[in-house]
Each structure stands twice: as structure tokens, then as C-alpha cells.
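Engineer: Residue numbers (my numbering), protein chains in the order written: chain A, 335 to 595; chain B, -12 to 268.
Structure below; questions to follow.
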């Protein structure tokens, strides 16, 4: 009985992964094949990019501030409080900026995509779209993926900048350290590969959060309860995948830029 | 009129010989979803100018059959020919083009709730990048056909259930389809609204002569379709002379996934099949 259950769950997992791979591939290929729905891309960019700006700014400021607070005491013990700026900027740009922005935007937008598309599925709007001769993946999914990738890239830059500003505010007003020193340390010790690393990650994270959100939305079954279930699955899967893929990309990029960093 | 009264003898007028092949042809179609077959060995066809009414109790697979007809679902075995092309194995990309020739009315209308009525009705035209002025004219014409021109700027949420079905009919008709599929167009509506919808379907049938496949479990609607015609003079449906039926409107009946009847109203009423007798009782 237990073996049957394990067998069934394993098959289900593999089937889900297979379905996701096909879905994500189709959506990705559509990015480069006309027709591309530019209006839908702009609308989604506004929803995902401009709509997420406030949470990204707030989380960036707080994270930078916390980093400065936590690091200052440890660094002071080694007489290295002056490198707080370097610590905050490197951590934000290489790691926390992309990952935090990915997770925050995923919480806001993967859930919204899953619930919106899920509602369309259960009310037969997706079938109606197919019956009208329009490909729902091309019309609904591709613009969301395209917009998520583009917007997450810029949101990550905003988050990095806010994190460095937040760290600076804490350093100057709470830790009573020298402001220009913080900013020169934050800027001068940044390396090109670190910036590349920080800007490559959001491209993957944007793809993950939107494809996972749309995937769970499009395979919703079971009415309104099913929409809720899809939303939860989308957010959990997207967040976990972002953190997991971050590990792989970091390892890969560290190898590539081994001699630089 | 008591349709089942033995005193009424229906005369099936000879149907004009079909000029072309069937527009839709099911041959030995079987489909299952992780269990026993939902549909088994379904074979029937829809000829040009023909209206076929698919009867059967709820949950018997009528809507599934309709989704198979335009390739929204794929059969496990058998073939489905739509406009002489086998859609059962056709890639989805090719199906999109073929579906633009079909108008489908979904059970609950399936209108896009984030778009106003104008954009819902014009959805296909907008995708084809037809100029806005032309779209407006064609949308108003389609809405006039369903007598809902005043809803042009409204969102679907502000329409009643019957109005949504009528807008869905307008959306299905705007592209002048070669085949119409109606999925329980009167399901869940009150009798007066149902009659309005059936009148629209008769008007479409007698006005454009588009072949159609209509799914319903309501005998009253099916019989009304068969025994009435649209009178352009009065703009309403009127009964055919007593005992006459529309020659191009015929019936199919599904039971437990199998097609158990295919024929005219007269043949339906004379059928000795116990399920048909029970269903008509």
C-alpha cells in the first residue's frame, strides 16, 4: 500500500516535471517567434515592474541596513569597521539583491499569475481563447515571462542601489561612521565579474518565477479551491527553485570568474 | 402542443441532398480520462446546412464530445474530420487556424471578464489587427443580431446569465463561421430567457444556414428548434405547420458514453430503445 503510494507520487512528480519542461520550452521558444504581443508585454511590464517597485525598494533598504548593523560589530572586533561599505555592496550585488528581489517578486507575481490564469481555466476562458484560434501560451504566458525577465533585471539594480543606500544610512546615522569612506569602499572594491554575477541571476529568476506561476495557473483543476491550491504551489515552487538555482548559478559563475574574484 | 401525443404524426420533409461532404465527421471515436471510457466508438457526421441536436443526461460526455469536435481535446482512438482535415492528430499550431472557421458557445458563455463586451465580441478581429472602425461596425451588427447593442461598453460582470450567453453567441457569429458548436446554451436559464436563446439559434439557422452541433439535456428546447422556423417579417420564431419539422434539424442521443440514437424527430419519438423512452418520458 505504502509502496503503491510512493510509486504513484514519484510518477506524478516526473510527469509534472515533464509537463513543466514542455510548457517552459514552448513559452521560451515563443519569445523569438512572431507574433509577439507587444501590448501585452508592456501591460505586464507595468504590473510586474512598476507594481513591484515599492516592495523592492523597501526590502532593499531594510536588507542593506540590517547588513550594515550586523556586520559592523563583527568587523569592529577585527578593527575592520571601515570595510562595511565593501561588505554591504558585495553581498547585495552578488547575492542578496537578486535572490531577495526574486523571492519578493515571486511572492507577488507568481501568485498573481497562477490565480489569474487559474481563474481563466476554471471559467473556460482559456478554452474559449483556444476555440477563437488564439494560442493562450503565446498570448498570456510569453508576455508574462518576457516582462518578468526584463523587469526583474531592473528591479534587482534598484534593490542593489537601495541596499547600499540603506547600509549607508545605518553606517552614518546609527554606527556613526564616516559616510564618504562607506561609499568609496562600496564602489571602489566592486569587481566587474561581481556585477555580471548579480545581473545574470535575475534573468534566470525572472524566467523561473513567471514560468512556474503560469504553469500552475494553466493546469488548475477543481474550481475555486483549485485556484487557491495552484497559487500556493506556484509561490512555494518558484521560491524554492530560485534559491536552488541560485546555488547552481553561483557555483558556475564562481568557476567561470575564478581568476577574477 | 404535446409533442409526444400519438395524435400528432410528424412528417419529415425530404432534406435537400447535401452538395458537399460532411463538415464534421466522427469515426469510431473513443476517449477516456484515467478510467473507463467517457465516450466509446462514436460515429456520426454533420452535413452542410444541418443542425444536429445532441441529447443526453448530465455528465454523459456531451460537452467532451463538443470539445473533441474542434480539437480542444484529442481522442484515444478513432478519427475526427473537420472540413475534410483530420483534427485528431493535427498539431496545435495548425488547429488554431482551423478553429477560426468555427464558432463555439460555451456552457456559461466563457466571456473574458477583464474585457468589455465590444472587445469580447471582437476578440478574433482584434487579433487579426482589423481597423477599429470596421471592428466597431461589425460588433454592433453582431450585437444587433442578438438584440444587445446597448451592452457595447459594459463588462460581462454587469450582464445577466442570459445576456452573457447572447453576447457569447454574438462572439461566435461575428467571424461568419462555417460550423457552430453550442454547449448547453440554455443550461441554468429560466424558461423565458431560454426561449429567447433558442429563438436566436433558430434565427441563425434559418438566416445564415450555418451547420451546427448543439448540446442540450432540455427536450423542450430541442423540440422547439425542430418544430419552429424564423419569420423575418415578424422578427420572431413561429411554429411550423402541425406535424411538420425542420428537415435539416436532426437528433443524436448519448447514453453512458455511447451514441444510441441518430435520426429525425419522428424516428426519435418512435424509438423503442428503453433509454430513449425513459429520456422522453
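Glycine is no exception: its CB is placed at the ideal position from the N, C-alpha and C atoms.
Since this is a predicted model, take the numbers as computed values, not measurements.
Looking at residue 247 of chain B: is its Cβ nearer than 8 Å to the Cβ of residue 166 of chain B?
Structural biologist: Within the second chain, the letter at position 260 stands for residue 247 of chain B. Within the second chain, the letter at position 179 stands for residue 166 of chain B. No, Cβ-Cβ distance for residue 247 of chain B and residue 166 of chain B is not below 8 Å.
Engineer: What's the call for residue 83 of chain B, buried or exposed, on a 16-neighbour Cβ count within 10 Å?
Structural biologist: Sequence index remark: in the second chain, residue 83 of chain B carries index 96 (1-based). Its Cβ being crowded by 16 or more others within 10 Å, residue 83 of chain B is buried.
Engineer: If I measure Cβ to Cβ from residue 476 of chain A and keep anything under 7 Å in the same chain, skipping five residues before and after, which residues do I get?
Structural biologist: Here residue 476 of chain A is taken as the residue at index 142 of the first chain, counted from 1. Only 361, 364, 365 meet the Cβ criterion.
Engineer: Residues in the same chain with beta-carbon distance under 7 Å from residue 160 of chain B, minus the five sequence neighbours each way, listed in chain order, please.
Structural biologist: Taking the first residue of the second chain as position 1, residue 160 of chain B is located at position 173. Result list for residue 160 of chain B: 90, 129, 132, 191, in chain order.
Engineer: Check this for me: beta carbons of residue 543 of chain A and residue 572 of chain A, under 8 Å apart or not?
Structural biologist: Your numbering for residue 543 of chain A matches position 209 in the first chain. Your numbering for residue 572 of chain A matches position 238 in the first chain. In this structure, residue 572 of chain A lies closer than 8 Å to residue 543 of chain A by Cβ.
Engineer: Just to confirm the assignment, what range does the beta strand (DSSP E) spanning residue 68 of chain B have?
Structural biologist: Residue 68 of chain B sits at position 81 when you count from the first residue of the second chain. Looking at the DSSP string, the run of the beta strand (DSSP E) that includes residue 68 of chain B is 64 to 69.
Engineer: Any residues in the region 464 to 482 of chain A with a beta carbon nearer than 7 Å to a beta carbon of chain B? Which ones, in chain order?
Structural biologist: Within the region 464 to 482 of chain A, the residues whose Cβ lies closer than 7 Å to some Cβ of chain B are 464, 465, 466, 467, 468, 469, listed in chain order.
Engineer: Using a Cβ-Cβ cutoff of 8 Å, what residues of the region 87 to 113 of chain B are near chain A? List them in chain order.
Structural biologist: Per Cβ criterion, the list reads 87, 89, 91, 93, 94, 95, 97, 98, 99, 100, 110, 111.
Engineer: So, do the region 8 to 24 of chain B and the region 172 to 180 of chain B have three or more beta carbon pairs nearer to each other than 8 Å?
Structural biologist: These segments do not touch.
Engineer: DSSP three-state label for residue 364 of chain A, please.
Structural biologist: Position 30 of the first chain, counted from the first residue, corresponds to residue 364 of chain A. The answer is helix: DSSP assigns residue 364 of chain A an H, G or I state.
Engineer: With DSSP collapsed to three states, give me the class of residue 47 of chain B.
Structural biologist: Here residue 47 of chain B refers to the residue found at position 60 of the second chain. DSSP places residue 47 of chain B in coil when its eight states are reduced to three.
Engineer: Alpha carbon to alpha carbon, how far is residue 526 of chain A from residue 55 of chain B?
Structural biologist: Sequence index remark: in the first chain, residue 526 of chain A carries index 192 (1-based). Sequence index remark: in the second chain, residue 55 of chain B carries index 68 (1-based). Looking at the two C-alpha atoms, the distance is approximately 56 Å.
Engineer: Closer than 8 Å between beta carbons: that is the criterion. Which residues of the region 50 to 75 of chain B meet it against chain A?
Structural biologist: Taking 8 Å as the Cβ-Cβ cut-off against chain A, the residues of the region 50 to 75 of chain B that qualify are 54, 57, 59.
Engineer: Taking 8 Å as the cut-off, does the region 453 to 468 of chain A touch the region 544 to 564 of chain A (at least 3 CB pairs, one atom from each stretch)?
Structural biologist: Judged by Cβ distances under 8 Å, the region 544 to 564 of chain A makes contact with the region 453 to 468 of chain A, as three or more pairs qualify.
Engineer: Taking a contact to mean a Cβ-Cβ separation below 8 Å, would you say residue 108 of chain B touches residue 126 of chain B in this structure?
Structural biologist: Numbered from 1 along the second chain, position 121 holds the residue referred to as residue 108 of chain B. Numbered from 1 along the second chain, position 139 holds the residue referred to as residue 126 of chain B. Yes, these two residues count as a Cβ contact at 8 Å.
Engineer: Distance, Cα to Cα, residue 148 of chain B vs residue 478 of chain A?
Structural biologist: Locating residue 148 of chain B in the second chain gives position 161, where the first residue counts as 1. Locating residue 478 of chain A in the first chain gives position 144, where the first residue counts as 1. The alpha-carbon atoms of residue 148 of chain B and residue 478 of chain A are separated by roughly 31 Å.
Engineer: Which bits of chain A does residue 83 of chain B rub up against, with CB to CB less than 8 Å?
Structural biologist: Counted from its first residue, the second chain places residue 83 of chain B at position 96. Near residue 83 of chain B (Cβ distances below 8 Å), the residues of chain A are 464, 467, 468, 469.
Engineer: Less than 8 Å between the beta carbons of residue 143 of chain B and residue 100 of chain B, yes or no?
Structural biologist: Translated into positions along the second chain, residue 143 of chain B becomes position 156. Translated into positions along the second chain, residue 100 of chain B becomes position 113. Against a cut-off of 8 Å, the Cβ pair of residue 100 of chain B and residue 143 of chain B comes out as a contact.
Engineer: Going by beta-carbon coordinates alone, are residue 383 of chain A and residue 500 of chain A separated by less than 8 Å?
Structural biologist: On the first chain, residue 383 of chain A is found 49 positions in, with the first residue counted as 1. On the first chain, residue 500 of chain A is found 166 positions in, with the first residue counted as 1. Not a contact, by the Cβ cut-off of 8 Å.
Engineer: Can the beta-carbon of residue 482 of chain A be found less than 8 Å from the beta-carbon of residue 540 of chain A?
Structural biologist: What you label residue 482 of chain A is simply residue 148 of the first chain in a count that begins at 1. What you label residue 540 of chain A is simply residue 206 of the first chain in a count that begins at 1. It is a contact, given that the beta carbons lie within the stated cut-off.
Engineer: Using a C-beta cutoff of 8 Å, does residue 522 of chain A count as contacting chain B?
Structural biologist: In the first chain, residue 522 of chain A corresponds to position 188, counting from 1. With 8 Å as the cut-off, residue 522 of chain A does not count as an interface residue toward chain B.
Engineer: Pairing CB atoms from the region 179 to 186 of chain B with CB atoms from the region 205 to 218 of chain B, are three or more of them under 8 Å?
Structural biologist: Touching, per the Cβ criterion.
Engineer: List, in order along the chain, the chain B residues whose C-beta lies closer than 8 Å to that of residue 461 of chain A?
Structural biologist: To locate residue 461 of chain A, count along the first chain from 1; it is residue 127. Under the 8 Å cutoff, chain B gives 54, 59, 93, 97.
Engineer: Just to make sure I have the definition right: I need the residues of chain B whose C-beta is within less than 8 Å of the C-beta of residue 457 of chain A. Which are they?
Structural biologist: Along the first chain, one-based indexing puts residue 457 of chain A at 123. Neighbours of residue 457 of chain A on chain B, chain order: 95, 97, 100.
Engineer: By Cβ distance below 7 Å, which residues in the same chain neighbour residue 569 of chain A in space, the five residues on each side in sequence not counted?
Structural biologist: The residue you call residue 569 of chain A lines up with position 235 of the first chain. Counting only Cβ-Cβ distances below 7 Å, and skipping sequence neighbours, we find 440, 441, 444, 445.
Engineer: Contact defined as beta carbons within less than 8 Å: I believe residue 252 of chain B pairs with residue 263 of chain B. What is the distance between those atoms, to the nearest angstrom?
Structural biologist: Locating residue 252 of chain B in the second chain gives position 265, where the first residue counts as 1. Locating residue 263 of chain B in the second chain gives position 276, where the first residue counts as 1. About 12 Å; that fails the 8 Å criterion.
Engineer: Buried or exposed for residue 145 of chain B, going by 16 or more other Cβ atoms inside 10 Å?
Structural biologist: In the second chain, the residue the question calls residue 145 of chain B occupies position 158. So residue 145 of chain B counts as exposed.
Engineer: In or out: residue 412 of chain A buried (at least 16 other Cβ within 10 Å) or exposed?
Structural biologist: Within the first chain, residue 412 of chain A is the residue found at index 78, counting from 1. So residue 412 of chain A counts as exposed.
Engineer: Rounded to whole angstroms, what is the Cα-Cα separation between residue 202 of chain B and residue 25 of chain B?
Structural biologist: Numbered from 1 along the second chain, position 215 holds the residue referred to as residue 202 of chain B. Numbered from 1 along the second chain, position 38 holds the residue referred to as residue 25 of chain B. Residue 202 of chain B and residue 25 of chain B: Cα-Cα distance of roughly 16 Å.
Engineer: By the three-class DSSP mapping on this structure, what secondary structure does residue 511 of chain A have?
Structural biologist: Along the first chain, one-based indexing puts residue 511 of chain A at 177. Residue 511 of chain A: coil per DSSP, three-state reduction.
Engineer: Are residue 498 of chain A and residue 422 of chain A touching if we call contact CB-CB under 8 Å?
Structural biologist: The sequence position of residue 498 of chain A within the first chain is 164, counting from 1. The sequence position of residue 422 of chain A within the first chain is 88, counting from 1. Yes, the pair counts as a contact, with Cβ atoms nearer than the cut-off.
Engineer: Rounding to the nearest angstrom, what Cα-Cα distance links residue 34 of chain B and residue 8 of chain B in this structure?
Structural biologist: As a working mapping, residue 34 of chain B is identified with position 47 in the second chain. As a working mapping, residue 8 of chain B is identified with position 21 in the second chain. Taking the straight line from one Cα to the other gives about 7 Å.
Engineer: Would you identify the three-state DSSP class for residue 463 of chain A, choosing helix, strand or coil?
Structural biologist: Along the first chain, one-based indexing puts residue 463 of chain A at 129. Helix at residue 463 of chain A.
Engineer: Can you round the beta-carbon distance between residue 16 of chain B and residue 96 of chain B to whole angstroms, since I take them to be within the 8 Å contact cut?
Structural biologist: Sequence index remark: in the second chain, residue 16 of chain B carries index 29 (1-based). Sequence index remark: in the second chain, residue 96 of chain B carries index 109 (1-based). Residue 16 of chain B to residue 96 of chain B, Cβ: 27 Å. No contact.
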